[in-house]
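Chains as they are written, first to last, in this note's numbering: chain A, 802 to 969; chain B, 1135 to 1592. All C-beta atoms in this analysis are idealised placements derived from N, C-alpha and C, irrespective of residue type, glycine included.
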C-alpha cells in the first residue's frame, strides 16, 4: 500500500483551520497532517498540534563539550611545552579562562545551530506535496495518507473551502 | 511611532527579491568597478608579502600602524550585527525587522576584512596556522598567555557564530527563493533551503532558535572587542595603552561605529534598491535615538580615559597626552576626531527633522566612522611614536601610500562582498516583514486608529 501526500490550498487562515478540524473529524490522526505557511502565525492559529522540542538541551551539551576541549587545549598543551613567559605561571588562570570562554561559547553556538536544524526535521529529502504560492501568502494544509484514504482527505479539504488540491 | 503599511506578500516578494530575480542595471558596472579595485588590492597585498613590511611606513619604534588601526576599526564595525540583531530580537523591538540581516551581514564581512589586516601585518601569513595547536609531534604549542592567541580565538568564535546565525535566519527566505526561481538557481536554493516548508514546527524553532542564538551571541559580542582591547591594555610599557577601562571603552566605541555603519548601509539599500516601503524614516529615527545614547556613553569613556591618565600626574603619561592634544599635527586630528565622532552628528540627531532625513543620517553616520577610525589611530600610534627614555631611534610615523590604499581598499572589498551577497540572497528578511503584517492590526481608540502589535508569550 503506497502513501500519498495531498495538499489543499487556501487564501485565508479561517478555512485552513476548518480544514484541519475536518481532517480530524473524518478520522485522520493529528500529526499526519500539517499546515504550511510563508510566515509565522500565532501558535494555535490553525488549531494545530503544538510542536514539542528539545532545543534547549543542545547548547548546554555543546557548552560542556566545548569547555572540556578548551580545558584540555589550554592546560595540556602548556604542560606539554612548559615555557615561562612574562613571569607568568605555566597554567595562568586568567589567560586560560579567555580561551576556555570562547571555545565554550563557540561549541554552544554550533550545537544550537545543529539543534535548530535537527529539531526542524531538516534536511527534508522527501518534502511531499507543496506549492510555491505558499511563500506568496497562500496557506497549505497537507496530509500524508494511504491511497484508499486520499478521497476522504480531498473531500475534507474541499468541504472546508480549499481552492485547489494537489498530490505528490 | 510605528506606521502601519498594508503590503501583500506578493508585493513583498516582488520588491525585496528584485535583486535576485531582476538584477538592477547598476549592479554589474558597480561590481566590475569594485572588482577592479579589489584585484588591485590583492596585487598590492602580494607586493607587500613579496617585498616585506619595509614598503610600509612602519619603522622603529612604531611597529603597529595603519594596518592594526584598520583591523580594530573593522572589528568595531562588526559589532553592528549583534548589537542590532540580537538585542532588538531579544527585546522584540518591532523596528528591527528590516535592519537585522544587513547588520548580521556587515558583521560577517567586516570580520573577514578585519582578519586580513593582522595577517598582512605579520608579514608571513603562510605561518598563521602557528596560532593553532597543530603539531603534537614537535611539541610546540602557542602560548595561551599571549593576547595574540586570545584574538584569533575570539574573532574565530564571533565569525563562526555570526555566519551560522545569518544562515539559520536565511532558511525561510531560501525556501522563498527556491519557489520563485528555475533552472540552476532553483537547484542552488533547493540545496541551501534543506527542504524548508514552513510548518508550525519549523517556524517555532526559527523563532526560539533566533532568540537562543541571540542570547548566546551577546556575551561573545562583548568579549570580542574586550579581547581586542587587551592587545593594548595588557601591555605595560606603552603609555596610553595600559588602561583598565579599555574593554568597555572599546565595546561601546564599537557599537557606536557599528550602528552608524548600519545606518549608512540602510540608506544605501533604500536608495539603490528602492525599498522605501520597507526601510522607512521611522527606522532611521529609532537608530538615531539609539546612537545618541551610545555616543554619549562613548564620549563619557573617552574623557574618563583621559582624566584617569592625567590624574596619575606621571611624567610620561602627561607627555603623551600633551602630544596628542596640543602638538602639531596631532592637535588638528584630535579636534577632527571629537567633531566627527560626536560634536557634529549627535547635536544634529537631537532634531527630529534630521533623524527623519535619510540623506542627513547617511552623511552623519559616515562622519561618525571617520571619527571612530581616528579614535583607533589615536589609541594605537601616539603611545608608540612618543620619544621615550632608552629608545635611541625614533621617528614620527608616516603611513606609506600603500597603507592608505589598503585602508580605502578595505571599504571597496566589504562593498564588493555585500553586493555579491545581495545578488544571490535578500538583504531584508522577507519572512520577518510578512510576520509583521500578520501580527499587526489597527485598533480604534476613540476616533483615533492606532497600529497595535500582537505579541506571543514564549
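Closer than 7 Å by beta-carbon distance: list the chain A residues that pair up with residue 1313 of chain B, in chain order. What residue 1313 of chain B touches in chain A: 933, 936.
Check whether the Cβ of residue 1585 of chain B lies closer than 8 Å to any Cβ atom in chain A. Interface with chain A (8 Å Cβ-Cβ cutoff): residue 1585 of chain B is excluded.
Does DSSP classify residue 1496 of chain B as helix, strand or coil? helix
Cβ-based burial, residue 1135 of chain B [other Cβ within 10 Å; buried from 16]: Residue placement at residue 1135 of chain B is poorly supported in this model, since its pLDDT is 46, which falls under 50; the coordinates are not used for a value here.
Select from the stretch 1557 to 1580 of chain B all residues with a C-beta closer than 7 Å to any C-beta belonging to chain A, and list them in chain order. Residues of the stretch 1557 to 1580 of chain B with a C-beta less than 7 Å from any C-beta of chain A: 1565, 1568, 1569, 1572, listed in chain order.
Residue 1203 of chain B and residue 1471 of chain B - do their beta-carbons sit closer together than 8 Å? no
Could you give the first and the last residue of the continuous beta strand (DSSP E) run that contains residue 811 of chain A? For residue 811 of chain A, the enclosing beta strand (DSSP E) begins and ends at 804 to 811.
Using the beta-carbon of each residue, which ones in chain B are nearer than 7 Å to residue 816 of chain A? Residues of chain B passing the Cβ test: none, with the nearest at roughly 16 Å.
What number of angstroms, rounded off, separates the C-alpha of residue 855 of chain A from the C-alpha of residue 935 of chain A? 28 Å
For chain B, check one thing: does any of its Cβ atoms lie closer than 8 Å to the Cβ of residue 836 of chain A? Taking CB atoms only, residue 836 of chain A has a neighbour in chain B less than 8 Å away.
According to a CB-to-CB cut-off of less than 8 Å, which residues of the stretch 859 to 888 of chain A neighbour chain B? 860, 874, 875, 878, 879, 881, 882, 884, 886, 887
Compute every distance between the C-beta of residue 1582 of chain B and the non-hydrogen atoms of the ligand NAP, then say whether any falls below 7 Å. With respect to small molecules bound, the structure shown includes none, and the ligand NAP cannot be examined in it.
With DSSP as the reference, please indicate the residues paired to residue 834 of chain A in a beta bridge. Within the DSSP secondary-structure output, residue 834 of chain A pairs in a beta bridge with A/944.
For residue 1419 of chain B, tell me which candidate among B/1477, B/1378, B/1499 has the shortest Cα-Cα distance. B/1499
Which residue spans inside the stretch 1305 to 1340 of chain B form an unbroken alpha helix (DSSP H) run of at least 4? 1317 to 1327
For residue 1457 of chain B, collect the residues of the same chain with a Cβ closer than 7 Å to its Cβ; drop the 5 residues on either side in sequence, then sort them by chain order. 1464, 1516, 1520
If you follow the alpha helix (DSSP H) that residue 1241 of chain B is part of, which residue opens it and which one closes it? 1234 to 1255
Give every residue of the same chain whose Cβ lies closer than 8 Å to the Cβ of residue 885 of chain A, excluding the five residues on either side of it in the sequence, and list them in chain order. 891
Tell me which residue opens and which closes the beta strand (DSSP E) that residue 850 of chain A is part of. First-last for residue 850 of chain A: undefined, no H or E at that position.
is_contact[residue 1347 of chain B, chain A] using C-beta, thresh 8 Å: yes
Quick one: which unbroken alpha helix (DSSP H) runs of 4-plus residues sit fully inside the stretch 1497 to 1521 of chain B? Chain order, please. none
How long is the line joining the alpha carbons of residue 1358 of chain B and residue 1188 of chain B, rounded to whole angstroms? Approximately 30 Å, taken between the alpha carbons.
Under 7 Å from the C-beta of residue 926 of chain A: neighbouring residues of chain B: 1329
Would you kindly work out how many angstroms separate the C-alpha atoms of residue 1421 of chain B and residue 1239 of chain B, rounded to a whole number? 17 Å
Looking only at its own chain, which residues have a Cβ that is under 7 Å from the Cβ of residue 1490 of chain B, when we skip the five neighbours before and after it? 1415, 1418, 1419
So what does DSSP say about residue 1135 of chain B, is it helix, strand or coil? With a pLDDT of 46 at residue 1135 of chain B, under the threshold of 50, the modelled position of that residue is not reliable, and no figure is offered here.
Contact with chain A by residue 1308 of chain B, beta-carbon distance below 8 Å: no
Burial state of residue 1260 of chain B (16 or more Cβ within 10 Å): exposed
From this set, B/1221, B/1370, B/1258, B/1346, which residue's C-alpha is nearest residue 1184 of chain B's C-alpha? Of B/1221, B/1370, B/1258, B/1346, the residue nearest in Cα terms is B/1258.
Pairs of beta-carbons, one from the stretch 1369 to 1378 of chain B and one from the stretch 1475 to 1490 of chain B, closer than 8 Å: are there three or more? no
With contact counted as at least three CB pairs below 8 Å, one residue from each stretch, are the stretch 810 to 829 of chain A and the stretch 937 to 945 of chain A in contact? yes
At the level of alpha carbons, what is the spacing between residue 1539 of chain B and residue 1409 of chain B? 33 Å
So, with DSSP's three-state summary, where would you put residue 784 of chain A? Since the first and last residues shown for chain A are 802 and 969, residue 784 of chain A lies out of range.
Rounding to the nearest angstrom, what Cα-Cα distance links residue 1303 of chain B and residue 1340 of chain B in this structure? 7 Å
Reduced DSSP category for residue 1575 of chain B - H, G, I as helix; E, B as strand; rest coil: Three-state result, residue 1575 of chain B: strand.
Same chain, Cβ closer than 7 Å to residue 828 of chain A, five either side skipped, listed in chain order: none
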